[in-house]
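**Student:** Counting from 1082, one number per residue, gives the positions in the sequence shown under my numbering.
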Amino acid sequence: MTGLRVVNILIWGVLLIYAVPGAWGAVSGNGTRRGDPMRLACVATAFVMIGFCARWLLAPENVMLWQALYVLSGATGMYIIRVAWAYGRGPRV
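#1: What are the boundary residues of the alpha helix (DSSP H) that Met1145 is part of?
#2: Taking just the CA atoms, how far does Met1082 sit from Ala1104?
#3: Helix, strand or coil for Pro1141, going by three-state DSSP, please let me know.
#4: Can you name the start and end residues of the alpha helix (DSSP H) that Asn1111 belongs to?
#5: Would you mind working out which of Asp1117, Met1145, Pro1118 and Gly1155 sits nearest Val1129, comparing C-alpha positions?
Written out as structure tokens, the structure is:
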């Protein structure tokens, strides 16, 4: 199980590195392109996934960290719903 968590951290880390420039463009407004808000959603999702995997490796008994990750996960889901609404077909997600 530890190996799977490490592999997941590496994969999501690569996505995080790839998507950070677009996410930064969405946050800063400098050179924003059409896909940048979705890249910000990808960065947020990568943080959540890395966080859950790293929690099991580094602090498996830390309940407060677990709760914080669930709050971050919910906030990320709400942001993705908003981005999907903006890019999709209106109010239908």
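Glycine included, C-beta positions come from ideal geometry on N, C-alpha and C.
**Tutor:** For this structure:
#1: In the DSSP annotation of this structure, the continuous segment of the alpha helix (DSSP H) that includes Met1145 starts and ends at Val1144 to Tyr1168.
#2: In a straight line, the C-alpha of Ala1104 is about 31 angstroms away from that of Met1082.
#3: In the structure shown, Pro1141 adopts coil according to DSSP, grouped into three states.
#4: Element bounds for Asn1111: n/a, residue is neither H nor E.
#5: Val1129 has its Cα closest to that of Gly1155, out of Asp1117, Met1145, Pro1118 and Gly1155.
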